[in-house]
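Numbering of the sequence shown is given in full-length UniProt numbering, commencing with residue 1 and proceeding in unit increments. In what follows, a single structure is set out as structure tokens and then discussed.
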Amino acid sequence: GADDIDESTVAFVVENITSNIIITWDEPLTPNGAIVSFEVEYNRFSDQKSEPIKRCISRLDYLEHKGVRLTDLRPGNYSFRLRSKSLSAVGNWTKLVYYDIPSKEQSFTTIIVVSILGLLLFILIFVSVTVFYVKRKFANIPDGILYASVNPEYLSAVYEADEWEVPRDKVKLLKELGQGSFGMVFEGELIDHILGEPSVICAVKTVNDNASHRDKQNFLQEATVMKAFNCHHVVKLLGVVSIGHPVYVLMEIMSNGDLRSFLRSHRADEEGNEKIGYEPPSLKEILKMAAEIADGMAYLAARKFVHRDLAARNCMVSSDMTVKIGDFGMTRDIYETDYYRKGGIGFLPVRWMAPESLKDGVFTSQSDVWSYGVVLWEMATLASQPYQGLANEQVLKYVINGKIMPRPENCPEKLYQLMLLCWSKNPKRRPTFTEIIEMLLNDVLPNHGKFREVSFYFTQRLQMLQKYMQRNEQEKVNGSTLLKTSVCGEQNEENEEENSDSDDGGGDLYTVKYFPSRMNVPELADEQTLQIEENENDC
Numbered sequence: 001g002a003d004d005i006d007e008s009t010v011a012f013v014v015e016n017i018t019s020n021i022i023i024t025w026d027e028p029l030t031p032n033g034a035i036v037s038f039e040v041e042y043n044r045f046s047d048q049k050s051e052p053i054k055r056c057i058s059r060l061d062y063l064e065h066k067g068v069r070l071t072d073l074r075p076g077n078y079s080f081r082l083r084s085k086s087l088s089a090v091g092n093w094t095k096l097v098y099y100d101i102p103s104k105e106q107s108f109t110t111i112i113v114v115s116i117l118g119l120l121l122f123i124l125i126f127v128s129v130t131v132f133y134v135k136r137k138f139a140n141i142p143d144g145i146l147y148a149s150v151n152p153e154y155l156s157a158v159y160e161a162d163e164w165e166v167p168r169d170k171v172k173l174l175k176e177l178g179q180g181s182f183g184m185v186f187e188g189e190l191i192d193h194i195l196g197e198p199s200v201i202c203a204v205k206t207v208n209d210n211a212s213h214r215d216k217q218n219f220l221q222e223a224t225v226m227k228a229f230n231c232h233h234v235v236k237l238l239g240v241v242s243i244g245h246p247v248y249v250l251m252e253i254m255s256n257g258d259l260r261s262f263l264r265s266h267r268a269d270e271e272g273n274e275k276i277g278y279e280p281p282s283l284k285e286i287l288k289m290a291a292e293i294a295d296g297m298a299y300l301a302a303r304k305f306v307h308r309d310l311a312a313r314n315c316m317v318s319s320d321m322t323v324k325i326g327d328f329g330m331t332r333d334i335y336e337t338d339y340y341r342k343g344g345i346g347f348l349p350v351r352w353m354a355p356e357s358l359k360d361g362v363f364t365s366q367s368d369v370w371s372y373g374v375v376l377w378e379m380a381t382l383a384s385q386p387y388q389g390l391a392n393e394q395v396l397k398y399v400i401n402g403k404i405m406p407r408p409e410n411c412p413e414k415l416y417q418l419m420l421l422c423w424s425k426n427p428k429r430r431p432t433f434t435e436i437i438e439m440l441l442n443d444v445l446p447n448h449g450k451f452r453e454v455s456f457y458f459t460q461r462l463q464m465l466q467k468y469m470q471r472n473e474q475e476k477v478n479g480s481t482l483l484k485t486s487v488c489g490e491q492n493e494e495n496e497e498e499n500s501d502s503d504d505g506g507g508d509l510y511t512v513k514y515f516p517s518r519m520n521v522p523e524l525a526d527e528q529t530l531q532i533e534e535n536e537n538d539c
């Protein structure tokens with residue numbers, strides 16, 4: 001039970017000279033109530049008719065000594081066991097631990113043997129160290145080579161102010177928005193800091209006053225992750241205030257909050273949702289949100305970034321209903337019940353994790369795709385808890401055994417089929433995020449033309465086409481002839497020739513096909529066909 005002492009932490013030391021024993025143990029990690037005391041029960045085997053001796057240790061005594069000392073024990077064989085007492089319950093006894101209190105003669109002999117062995121061990125270590133340094137001194141070390149080691153924990157733990165630093169007087173807090181994972185989140189105003197913008201409304205994340213130095217550094221490291229991102233469907237970092245106290249992280253404000261809360265607020269049975277504007281999202285709106293999330297994740301995958309915690313709670317909704325990937329771990333404490341501690345690994349979002357992540361601890365873009373499938377399920381159910389009715393440990397076994405969630409009630413077949421693709425047990429059979437976008441384009445573009453203008457999916461293809469056109473212009477300047485063939489993307493090593501057809505409009509029509517290498521350009525489509533018209537005089 002939660003009040004039981006972990007038997008692996010129980011240890012003891014016998015003091016031979018004084019016939020005492022020191023017993024130590026760790027407190028229960030997650031007791032049902034506050035621990036008030038501990039109880040130790042010990043007995044000497046030869047005293048068969050005597051009752052075991054019980055001794056109560058208050059928690060104050062435990063905190064002072066981290067255990068208990070049993071004194072003046074007669075020589076013989078003993079056993080002991082422990083249990084804790086909390087405000088709500090009494091823990092179970094630990095297994096019996098056996099030990100021996102030797103007689104004075106045995107103690108003296110033991111001391112002599114241990115002393116001799118210790119002396120021999122010291123001599124052996126001294127000789128080994130001496131030989132090592134002598135060999136090292138006369139070894140041939142190449143000139144000019146400097147060997148240095150740096151503590152990686154130190155490097156990762158220290159945040160240094162950079163070009164993202166914002167003067168504290170440029171930030172004005174306006175009102176509280178809610179509690180974040182590290183501290184309070186405010187609506188704020190960034191004044192005269194962004195070029196061309198006298199003031200910008202932003203979200204200001206803070207750290208609690210009682211936060212440790214490590215918490216502050218972790219908070220800043222989460223923000224550091226976002227410095228490398230620049231995508232319309234990923235929440236933007238605006239700046240950091242790391243000098244002074246409290247520390248601020250300034251982010252693009254997402255006035256409709258996280259996607260999970262947004263979906264739940266649009267349930268028909270939620271209080272107050274009978275008013276206009278709170279109808280559940282339509283299928284077209286859900287597919288648009290799905291495409292926006294996939295676009296943000298495609299960008300992260302192209303940047304070699306594995307999210308590892310994609311869920312509706314970590315997607316944010318802007319004032320114009322655009323959904324963006326956000327927070328990157330900053331919401332963990334708000335939804336603590338969504339996480340499960342497995343052994344000593346830390347908290348894991350097991351209900352959103354792929355089988356290979358649960359079983360082997362492997363996280364890849366393919367495991368992010370599995371999580372994306374769970375996000376689709378959340379959207380279809382207006383943010384119900386995945387795997388309802390199962391405890392976290394049951395979910396872990398359920399997923400590892402190859403089982404998946406059934407189709408939600410009233411869920412469109414197209415949406416569930418996409419979930420099934422994302423939940424393929426073999427990671428290689430899951431679609432990439434770019435392929436997911438392609439599956440959704442016909443549903444998104446007719447009603448949401450803005451997606452073509454701002455999405456990473458179309459932006460990266462425009463960039464590739466521009467690079468091709470620049471290379472083509474350079475070839476013409478150099479006098480080379482443009483081949484009337486398929487042109488591979490710059491990442492591909494081989495070009496596949498293809499004859500082009502002439503049209504009656506005075507120019508030749510060329511088909512440009514991209515077959516980028518998945519090793520070099522992750523998340524690109526298998527084949528994207530673009531058409532360009534080339535003047536016949538240039539052929």
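Even for Gly, the Cβ is constructed at its ideal location relative to N, Cα and C.
Practice problem: Taking residue 300 and residue 325 to be in contact with their CB atoms under 8 angstroms, please state how far apart those CB atoms are, rounded to whole angstroms. | Solution: Yes, they are in contact, since the Cβ atoms of residue 300 and residue 325 sit about 7 angstroms apart, within 8 angstroms.
Exercise. Please look up how many angstroms separate the CB atoms of residue 223 and residue 185, rounded, as I've assumed it's under 8 angstroms.
Key: In fact, because the Cβ distance is near 13 angstroms, the residues do not count as touching under 8 angstroms.
Quiz prompt | CB of residue 55 within 8 angstroms of CB of residue 78, strictly | solution = Cβ distance not < 8 angstroms, so residue 55 and residue 78 don't count as in contact.
Self-check item: CB contact flag (residue 57, residue 25, <8 angstroms)
Solution: For the pair residue 57 and residue 25, the CB atoms are not nearer than the 8 angstroms cut-off.
Quiz prompt | Cβ-based burial, residue 355 [other Cβ within 10 Å; buried from 16] | solution = By the neighbour-count criterion, in which 16 or more other beta carbons inside 10 Å mark a residue as buried, residue 355 falls on the buried side.
Quiz item: Does any residue of chain B bring its CB to less than 8 angstroms from the CB of residue 159?
Solution: The chain labelled as chain B is not found in the depicted structure, where only one protein chain is given.
Practice problem: If I'm right that residue 437 touches residue 295 with Cβ under 8 angstroms, what's the distance once you round it to whole angstroms? | Solution: The distance from the Cβ of residue 437 to that of residue 295 is about 6 angstroms, consistent with a contact at the 8 angstroms cut-off.
Quiz item: So who's on the other strand from residue 187, going by DSSP bridges?
Solution: Looking at the DSSP assignment, residue 187 forms a beta bridge with 175, 203.
Self-check item: From 460, 125, 37, residue whose alpha carbon lies closest to that of residue 86
Solution: Of the candidates 460, 125, 37, 37 places its Cα closest to the Cα of residue 86.
Self-check item: Every unbroken beta strand (DSSP E) within the segment 350 to 431, with a cutoff of 3 residues, ordered by chain
Solution: For the segment 350 to 431, not a single whole beta strand (DSSP E) run of length 3 or above is found.
Self-check item: Nearest-angstrom beta carbon gap, residue 368 and residue 310 [assumed within contact, 8 angstroms]
Solution: Between residue 368 and residue 310 the Cβ distance is about 5 angstroms, and since that is below 8 angstroms, they are a contact.
Exercise. Keeping to the same chain, check which residues put their C-beta closer than 7 angstroms to that of residue 255; ignore five residues upstream and five downstream.
Key: Here the set comprises 318, 319.
Exercise. Would you be able to state if there are at least three C-beta pairs under 8 angstroms between the segment 390 to 403 and the segment 451 to 471?
Key: No: the two stretches stay apart, fewer than three of their Cβ pairs being nearer than 8 angstroms.
Practice problem: Could you check what DSSP says for residue 330 in three-state terms: helix, strand or coil? | Solution: In this predicted model, residue 330 has a pLDDT of only 45, less than 50, meaning its place in the structure is not dependable; the value taken from the coordinates is given anyway. In the structure shown, residue 330 sits in coil (DSSP, three-state: anything other than H, G, I, E or B).
Quiz prompt | Spatial neighbours of residue 33 in its chain, beta-carbon cut-off 6 angstroms, leaving aside the 5 residues before and after | solution = Excluding sequence neighbours, residue 33 sits near 86, 87, 88.
Self-check item: Residue nearest to residue 382 in terms of C-alpha spacing, selected from 283, 363, 403
Solution: Comparing alpha-carbon positions, the option among 283, 363, 403 lying closest to residue 382 turns out to be 283.
Quiz item: What are the boundary residues of the alpha helix (DSSP H) that residue 26 is part of?
Solution: Under the DSSP assignment, residue 26 falls outside any alpha helix (DSSP H); it carries neither an H nor an E label.
Exercise. For my contact list, residue 165 and residue 243 are in at a C-beta cut-off of 8 angstroms; report their separation, rounded to the angstrom.
Key: Contact between residue 165 and residue 243 is confirmed by a C-beta separation of about 7 angstroms, below the 8 angstroms threshold.
Practice problem: Measure the beta-carbon distance from residue 237 to residue 251 and round it to whole angstroms, keeping in mind my assumption that it falls under 8 angstroms. | Solution: The Cβ separation is near 6 angstroms, so the contact holds.
Quiz item: Once you ignore the five residues that flank residue 156 on each side, which residues in its own chain have a CB closer than 6 angstroms to its CB?
Solution: Residue placement at residue 156 is flagged as unreliable, the pLDDT there being 49, under the threshold of 50; the coordinate-derived value follows with that caveat. So the list is empty, once near-sequence residues are dropped.
Self-check item: Reduced DSSP secondary structure (H/G/I, E/B, other) of residue 7
Solution: DSSP places residue 7 in helix when its eight states are reduced to three.
Quiz item: Roughly how many angstroms separate the alpha carbons of residue 404 and residue 260, rounded to a whole number?
Solution: So the two alpha carbons sit approximately 21 angstroms from each other.
Quiz prompt | Which of helix, strand or coil DSSP assigns to residue 84 | solution = In the structure shown, residue 84 falls within a strand segment according to DSSP collapsed to helix, strand and coil.
Quiz item: Given a threshold of 16 other Cβ atoms within 10 Å of its Cβ, counted over all protein chains shown, does residue 67 qualify as buried or as exposed?
Solution: Burial state of residue 67 is buried, judged by a 10 Å Cβ sphere holding 16 or more other Cβ atoms.
Exercise. Would you mind reading off the limits of the beta strand (DSSP E) that contains residue 169?
Key: Premise fails: residue 169 is in no beta strand (DSSP E) and is neither H nor E.
Quiz item: Among the residues of its own chain, which have a CB less than 8 angstroms from the CB of residue 10, if the five just before and after it don't count?
Solution: So the qualifying residues of the chain are 23, 24, 25, 82, 94, 97.
Quiz item: In its own chain, which residues sit with a C-beta less than 7 angstroms from the C-beta of residue 150, not counting the 5 before and 5 after it?
Solution: With a pLDDT of 37 at residue 150, under the threshold of 50, the predicted position of this residue should be treated as unreliable, though the coordinate-derived value follows. If we look at residue 150 and ignore the five residues flanking it on each side, it has no Cβ neighbours.
Exercise. Take every Cβ of the segment 191 to 205, pair it with every Cβ of the segment 122 to 130, and state whether three or more of those distances are shorter than 8 angstroms.
Key: Contact annotation: the segment 191 to 205 does not touch the segment 122 to 130, with fewer than three C-beta pairs closer than 8 angstroms.
Quiz item: Since residue 187 and residue 174 are thought to touch, with beta carbons under 8 angstroms apart, how far apart are those beta carbons, to the nearest angstrom?
Solution: Yes, they are in contact, since the Cβ atoms of residue 187 and residue 174 sit about 5 angstroms apart, within 8 angstroms.
Quiz prompt | Same chain, Cβ closer than 6 angstroms to residue 191, five either side skipped, listed in chain order | solution = Listed in chain order, the non-local C-beta contacts of residue 191 below 6 angstroms within the same chain comprise 170, 199, local neighbours out to five positions each way being set aside.
Quiz prompt | Residue(s) in a DSSP beta bridge with residue 41 | solution = Paired residue(s): 54, 81.
Quiz prompt | Beta-carbon gap between residue 542 and residue 352 smaller than 8 angstroms | solution = Past the boundaries of the shown model lies residue 542; the chain is included only from 1 to 539, so the question cannot be answered.
Practice problem: To the nearest angstrom, report how far apart residue 226 and residue 303 are at their CA atoms. | Solution: If I take the Cα positions, the gap works out to 12 angstroms.
Exercise. Round the Cβ separation of residue 419 and residue 358 to the nearest angstrom and send it over; I've been treating them as touching at under 8 angstroms.
Key: Not really, about 18 angstroms apart at Cβ, beyond 8 angstroms.
Self-check item: residue 12 (DSSP reduced to helix, strand or coil)
Solution: Three-state DSSP puts residue 12 in a strand.
Self-check item: Beta-bridge pairing of residue 100 - partner residues as DSSP gives them
Solution: Beta-bridge partners of residue 100 (DSSP): 77.
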